[in-house]
Ligand SMILES: Cc1ncc(C[n+]2csc(CCOP(=O)(O)OP(=O)(O)O)c2C)c(N)n1
Ligand code: SF4
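Residue numbers (the numbering used here), protein chains in the order written: chain A, 1 to 625; chain Y, 1001 to 1350.
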């Protein structure tokens, strides 16, 4: 078996022990590749404990810019004895198994189709460093040093990154650089010709891209979007949204006397977190919270209140694996139905779906405008993969002329003007016929515009009523507002790939969020085999008209999502009445980011008329395409 | 359905210093049962706000769910109100207060709302010392869902359904003191003399002022075996003393200066004058206050009046050091760092 040979196109996976300090070494590795101008996509696959369990870090390098997961592993860096045999066997034929040869490999590790690269990491580290705590951390840096030789990482890029990381503690930079050198020198001496995977600097691919995680980006979106109140409760994987928001606020939201132009309160639970958001929004601040599935369950009651009483609220939902506590540190797109219809009664919520950090920033900032324009909750549907992993992204841009759109919020003078020109103001009067009414903020006017906000049935003047007519009018107006919302949603990204010969292509694919990158790659691969599929990346629920048209225009639309129950497909059928046979599901729900290999194979299987191994009814439908 | 009152005003009706009539502080006509204690509390709130010349539109009134939580509809009709969901008034009040620290926040809740479903939110609003006036209309039962025992029903106390409550009760004042409320008082809806000055003092307090007001439910819990009935409270209540509340503008009367008195100066300079029944009762001593409540209970008495005050109280905004400007008044210029700053952030990510 020939060893795999490739420049700037491979997958490397690090198998580590959680809590052993591998994260910073692995990040250093990915950052160095990014700084060499090469597209790189690192993903943490980690357990929900703090220490001791296995954790993996998978880095994809791809010159073509395909940054979803590919599937398969070309090189394994195995430092975890617990998973060594599993890791060994997961390597692709022709791949490279990099391990700590201080001890011999287990007998079960017996393949002749891979290349074994043994480097005595423990021994090298123990020989060089005496401090036991430091030894553990530096062992990881030693393997990065060895990889720098094996894969041709520019050494100065690594040492610069270390220098930057320890800017404030230069004493710590020294042993790190020494560890890098130890690894590099050992590899140089013993493995001159053994690895045919390599990295080579690129000048024109990444342009001005940045490398950042989605949660920091969402936090920046909230900062730029003008959020002044955040109520929150810790939950993986959303906690870092608020941590980053606080970090940015401590720099950008200070008065000259040091007081803060923001209130961030850690609530006692998610009920309270969303309550704070609703109270603050009702009182004219922009407010948000960040949470994940279990938090959404608790927030359901308040989401219903905000929907029915028409109070803006922004929630960043960084989805993780459900149901219940599920796999807290694994990724999924499985909160769509729960959020779209969160709360009892006929409740419908607006969802925005970012696919990369730039969109986390933009859509979170937009969410505040939309929530105020529509006077309703808006949920930004991120996920663990997007939120907690670094991604290459367009840089963040802000239009300095952009004003905050406060929607139909009347100041005291505007209220006077309103009553002079139109009619007596009523909180729930649909003056413009778009279902959106004019609101006032407490304290805005000394004698007019006060009203009672309540979750129980109310008439146009906000008075409590159990009159069926008034109740139905309110519910129908809310539905009208929902129709109006469709015209405000971000456009889907549609790519018609049909050449003229194939005009009227019957095949379309629909995906959203983090599925996007692997989906594009899979569909590009199929195009090389002359299977042409048009694509649409959805960015919101409700869907704007072009999204509905796209589905109408194709005979079969593959709906690719990361959950068991085809939640987006269900929403599409329920809301737009599409025939179920038209929407064919491709579903990944193993808790790991979906791969291009999986999508390619599944699409091929569907197209070949096979139903695949899954017995799900969604997989079975449309099997005769 | 709420009925609005006619707007007719007697020409000679008294005005307060801001030019408002008492009627400007009223709300819709109550739909609670005739004789419900909650209505008396609403009227005490009206009286206190009128006398203090609070501008009605500078008040936000918030509540949870229950008969008690309906009352904000029946006072301060010119204020914005928020009737939230069961037990969650404190978080709504917290957010609202964070958004605009300049308004007066009056939160109304019931004992079911506060001591059961909302216990968590209640506790945390206390420990954050949110600047609000939190009034629990405590009838020892669930009125709106027809008379079930609440967590404040005394052990052995029995309402209309006749079964004595087998469980220990929760004393909200004790909990409030222990969790960090900086003003705690107990009163009785039937004692306007005491209630009105207490509400006034609570309004001028900086931080969470908790008022536990025993407010009999005439329909479900006004039996001769209930410890939250009119008759029981009248017969068993024992005040810490008599009070007067003196806003900053008014001269302090000398009549309290003799005997066992205590003067508490509130953060805005107004004064709470307490003519104490017992010499050693110091309402600023947190531990003694809890003891006092327990001692009264041992004697089968319901202690009313000011129970604890911390005049040096710091509210949530003071604690988290927010700007003195209301957050909801900040503009894009105040809030948005602009594209240059963003470009710097981009550079740090390359
Ligand atoms: C989540 C939820 N659970 C239950 C209820 C039903 N409920 C309405 S009011 C109430 C109790 C009210 O009791 P209390 O707070 O003591 O007020 P009161 O009516 O006695 O003044 C209950 C249980 C509800 N509205 N929401
Ligand atoms: S049921 Fe009880 S608490 Fe409710 S209004 Fe009637 S008397 Fe008051």
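A virtual CB, placed ideally from N, CA and C, is assigned to each residue, including glycine.
{"Item": "Contact set between residue 186 of chain A and chain Y, taken where Cβ atoms lie within less than 7 Å", "Value": "Chain Y residues near residue 186 of chain A: none, gap ~31 Å exceeds 7 Å."}
{"Item": "Contact set between the stretch 1075-1092 of chain Y and chain A, restricted to residues whose Cβ is under 8 Å from the partner", "Value": "1077, 1078, 1079, 1080, 1081, 1082, 1083, 1084, 1085, 1088, 1090, 1091, 1092"}
{"Item": "Near-chain A residues of the stretch 1109-1135 of chain Y - C-beta to any C-beta below 8 Å", "Value": "1120, 1121, 1123, 1124, 1128"}
{"Item": "Closer than 8 Å to chain A by CB, residue 1350 of chain Y", "Value": "yes"}
{"Item": "Among A:315, A:560, A:357, A:452, the one whose alpha carbon lies nearest that of residue 371 of chain A", "Value": "A:315"}
{"Item": "Host beta strand (DSSP E) of residue 1049 of chain Y (start-end)", "Value": "No beta strand (DSSP E) contains residue 1049 of chain Y, which is instead part of the alpha helix (DSSP H) from 1037-1051."}
{"Item": "Ordered list of alpha helix (DSSP H) runs contained in the stretch 150-232 of chain A, each at least 4 residues", "Value": "155-165, 170-190, 214-224"}
{"Item": "Min CB distance residue 134 of chain A to chain Y below 8 Å", "Value": "no"}
{"Item": "Beta-carbon proximity of residue 343 of chain A to residue 1057 of chain Y, cut-off 8 Å", "Value": "no"}
{"Item": "Cut-off 8 Å between Cβ atoms - residues of its own chain near residue 196 of chain A, not counting five sequence neighbours on either side", "Value": "3, 4, 5, 6"}
{"Item": "Any non-hydrogen atom of ligand 2 closer than 7 Å to residue 1159 of chain Y Cβ", "Value": "no"}
{"Item": "N-terminal and C-terminal residue of the beta strand (DSSP E) that residue 1105 of chain Y is part of", "Value": "1104-1110"}
{"Item": "Cβ of residue 436 of chain A within 8 Å of any chain Y Cβ", "Value": "no"}
{"Item": "Interface residues of chain A facing residue 1334 of chain Y [CB-CB closer than 7 Å]", "Value": "261"}
{"Item": "Beta strand (DSSP E) segments (min. 3 residues) lying fully within the stretch 53-127 of chain A", "Value": "54-62, 75-78, 96-100, 115-119"}
{"Item": "Contact test: residue 1190 of chain Y Cβ vs ligand 2 heavy atom, cutoff 7 Å", "Value": "no"}
{"Item": "Proximity test, residue 1139 of chain Y beta-carbon vs ligand 2 heavy atom, cut-off 7 Å", "Value": "yes"}
{"Item": "For residue 1291 of chain Y, three-class secondary structure by DSSP", "Value": "helix"}
{"Item": "Whole-number beta carbon distance between residue 178 of chain A and residue 332 of chain A, since they are thought to touch under 8 Å", "Value": "Wrong, their Cβ atoms sit about 42 Å apart, outside the cutoff."}
{"Item": "Amino acids of chain A, ordered along the chain, whose beta-carbon sits closer than 7 Å to that of residue 1338 of chain Y", "Value": "398, 400"}
{"Item": "Any 3 or more C-beta pairs closer than 8 Å across the stretch 1033-1044 of chain Y and the stretch 1212-1227 of chain Y", "Value": "yes"}
{"Item": "Cβ shell of residue 395 of chain A (< 6 Å), same chain only, five flanking positions each side left out", "Value": "208, 210"}
{"Item": "Assigned secondary structure, residue 613 of chain A (DSSP; H/G/I helix, E/B strand, else coil)", "Value": "Bear in mind that a pLDDT of 44 at residue 613 of chain A, under 50, signals an unreliable position, so the number given afterwards is only what the model happens to contain. Three-state DSSP puts residue 613 of chain A in coil, outside helix and strand."}
{"Item": "DSSP-derived helix/strand/coil call for residue 1132 of chain Y", "Value": "strand"}
{"Item": "Contact the stretch 1229-1249 of chain Y vs the stretch 1267-1282 of chain Y: 3+ CB pairs below 8 Å", "Value": "yes"}
{"Item": "Min CB distance residue 453 of chain A to chain Y below 8 Å", "Value": "yes"}
{"Item": "8 Å Cβ cutoff, residue 612 of chain A in contact with chain Y", "Value": "Caution applies to residue 612 of chain A, whose pLDDT of 45 falls short of 50 and renders its modelled position unreliable; the value that the coordinates give is listed next. False, the Cβ-Cβ gap to chain Y never drops below 8 Å."}
{"Item": "Alpha-carbon spacing of residue 1314 of chain Y relative to residue 1129 of chain Y, whole angstroms", "Value": "7 Å"}
{"Item": "C-beta contact flag for residue 89 of chain A and residue 55 of chain A at 8 Å", "Value": "no"}
{"Item": "Heavy atoms of ligand 2 versus C-beta positions, residues under 5 Å", "Value": "Y:1032, Y:1033, Y:1036, Y:1067, Y:1143, Y:1217, Y:1218, Y:1219"}
{"Item": "C-alpha distance - residue 459 of chain A paired with residue 1073 of chain Y, whole-angstrom precision", "Value": "15 Å"}
{"Item": "Chain A within 8 Å of residue 952 of chain Y, Cβ atoms only", "Value": "As shown, chain Y starts at 1001 and ends at 1350. That puts residue 952 of chain Y outside it, with no answer to give."}
{"Item": "Whole-angstrom distance between residue 14 of chain A and residue 112 of chain A, CA atom to CA atom", "Value": "21 Å"}
{"Item": "Sequence-distant residues of the same chain with beta carbon closer than 7 Å to residue 1055 of chain Y, five excluded per side", "Value": "1018"}
{"Item": "Contact with chain A by residue 1342 of chain Y, beta-carbon distance below 8 Å", "Value": "yes"}
{"Item": "Test: residue 1026 of chain Y CB closer than 8 Å to a CB of chain A", "Value": "no"}
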